[in-house]
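Residue numbers (this note's numbering): 11 to 251. Glycine included, every Cβ here is placed at the ideal spot set by N, Cα and C. Predicted model, so just to flag it, every value in this text is computed and none were measured.
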Ligand SMILES: [Zn+2]
């Protein structure tokens, strides 16, 4: 990603974008968006960093480790640390037998063992917390204002499970949305669109093939989508932001 100026209003940085606590009271720590371990080294130089309260940051780290490790295991088709695509997942599987066991237990084979390929059932609450954390971070980073409301929906599904029609809608709406809604002149989103840097269609590419996201206004609400490792499609939707 290209280094760009920080457009967000300094006054809005005084509160944790996740819980709303005053950072001057509870202190703050820097949090990478998206989750850093989803990216590969060498990582982009200027990853978005957001100030959040220490309590939120701590609460995310276990969920992020679970999410990244689960994703890696599903893509590898195994909980064996030796065959993981994501290095931090391999480390987590080696160092935490309980995490490995939990993910192993999430794998099941259909009743007809001959032809059924295994499926993996994640801890949905944990996955959603990570998706929401990143979506809030993207929204704040791009628009310069936090979205502290609870979303109306969070979706995380493998891209391959989307029907062709839904896939086209998922991929294309971002392009149309980016053009249909007019970002504020000074916003980072406007900068992306104006310069074309890091853009692919309506998507902002953090690292090619590994992480891209899009924001759009829809019916007065906000929709943040991401595609992770070209495997997982996510969407977080808020009303009336
Ligand atoms: Zn917080």
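Burial of residue 94 is indicated by the presence of at least 16 other C-beta atoms within 10 angstroms of its C-beta. Across the structure, residue 55 and residue 62 are spaced so that their CA atoms are roughly 20 Å apart. For residue 75, the secondary structure class from DSSP, reduced to helix, strand or coil, is helix. Sequence-distant Cβ neighbours of residue 231 in its own chain, meaning closer than 7 Å and more than five residues away, are 247, 248, 249, 250 and 251. Within the DSSP bridge table, the entry for residue 61 names 40 as partners. With contacts defined as CB atoms closer than 9 Å, residue 223 and residue 48 fail to qualify as a contacting pair. Rounded to the nearest whole angstrom, the CA to CA distance from residue 92 to residue 239 is 19 Å.
Within the chosen limit of 8 Å, ligand 1 reaches the beta carbon of residue 31 through at least one heavy atom. Around residue 34, the same chain offers 24 as residues with beta carbons nearer than 8 Å, after the five sequence neighbours per side are excluded. Restricting attention to 97, 150, 242 and 90, the CA atom closest to the CA of residue 181 is found in 242. Rounded to the nearest angstrom, the Cβ distance from residue 139 to residue 73 is 5 Å, consistent with a contact under 8 Å. Between residue 225 and residue 153, the CB-CB gap stays under 9 Å. Inclusion of residue 44 and residue 236 in the CB contact set at 9 Å is warranted, their separation being smaller than that value. Residue pairing for residue 239: DSSP places it in no beta bridge. By the beta-carbon neighbour count (other beta carbons within 10 angstroms, threshold 16), residue 41 is buried. Short of 8 Å from the beta carbon of residue 104, and not among the five residues preceding or following it, lie these beta carbons of its own chain, in chain order: 91. Boundaries for residue 91: no beta strand (DSSP E) harbours it, and the DSSP string shows neither H nor E there.
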